[in-house]
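So for the sequence shown, the working numbering puts the first residue at 94; every next one is plus one.
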Amino acid sequence: MASLAEALVQTFLPARCHLCEEPLPWRGSRGGVCARCWCELKPHVGEGCPRCGDPDAAMRPCLQCRTAPPPWTAAASFGPYDGALRSLILLLKDRRLDELALPLADLLHRAFRRTGWSVPEAVVPVPTSWGRALQRGFDHARLLAAPVAAALGAPLVPALRRHGRARQVGKSRSARLQLPAGAFTPRRRVAGRVLLVDDVLTTGATAARCSRALLAAGADEVSVLTLARTPNARRVP
């Protein structure tokens, strides 16, 4: 009976794709997004800098990483933070569409497989402030990291604590750099190779502070995996 009711609703009040707003087919859509829109997402191409993850770097590693390397060992992302990928991330975070977390985590896993990195000893999400998590009803980075950890056969370890409630979205580069150095602290010990997972890498200020906290907690090395990277981003020194 339920399936008949669902069929009637789909017939007379069809759901629409969150991106293109076309009626969703009964098959092929994920997270309220049609298969065509998922297929149109553009991943990074080429190798770029393996250290900071800049896909457009002419040298390997890039000049900035040669002169002022970041505290993490390697970084990678699925694609640029624009277009449909940016819209999907904002739908997850600002519209609270947690059904997008699993298909977006699949993109993270695809990005990881492209790197050739070894399976980490721990997958650590960048923690969301408690206020944002309470407002959304979930911690988006943890929702993204959990399926990646499961796919890799690695434990999901919430090893970091965020202090303060400052929001990063919309902040200028200078404002991001003025975040207190103790914005992230370890909440437990870690060891070996750690994979740090977040949605977007912009200046790298958050990733740098998280990486330093993880290294202080016992990690041998930290790799940073994000869904997106801001085009032409200037990394922090």
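We put the beta carbon where it would ideally sit given N, CA and C, even for glycine.
Since the model is a prediction, treat every value here as computed from it, not as a measurement.
One or two residues paired with residue i in a DSSP bridge
i	result
G285	A312
T278	R254
R322	P173 and L294
L227	In DSSP, L227 forms no bridge with anything.
T116	Sequence check: residue 116 is Pro here, not Thr. Looking at the DSSP assignment, P116 forms a beta bridge with R109.
Closest Cα partner of residue i within the set the options
i	options	result
C130	E140, G139, P118 and S222	P118
P143	P136, P162 and G125	P162
A321	G176, T160 and A284	G176
H256	V250, T278, K135 and A128	T278
C127	L245, E115, T319 and H137	E115
L253	L178, G285 and V219	V219
Residue i versus residue j - alpha carbon distance
i	j	result
P240	L195	7 Å
A95	P248	Because the pLDDT at A95 is just 47, under 50, the model does not fix this residue reliably, and the point stays unresolved.
L307	D313	9 Å
A167	L156	15 Å
P324	T295	8 Å
V317	D199	16 Å
A242	T160	33 Å
D187	L227	13 Å
V293	R153	22 Å
C132	V287	30 Å
G121	S180	20 Å
R109	R189	17 Å
Beta-carbon gap between residue i and residue j smaller than 7 Å
i	j	result
H233	L184	no
V290	G311	no
Contact test: residue i Cβ vs the ligand MG heavy atom, cutoff 6 Å
i	result
P148	The ligand MG is not among the ligands present in this structure, which contains no ligands whatsoever.
Per the contact definition of three or more C-beta pairs closer than 8 Å, is the region 149-156 in contact with the region 211-219?
Output reads no: the region 149-156 does not touch the region 211-219.
Given 8 Å as the limit, is there contact between the region 297-307 and the region 203-213, that is, 3 or more CB pairs closer than that?
Because the criterion of three Cβ pairs below 8 Å is not met, the region 297-307 and the region 203-213 do not touch.
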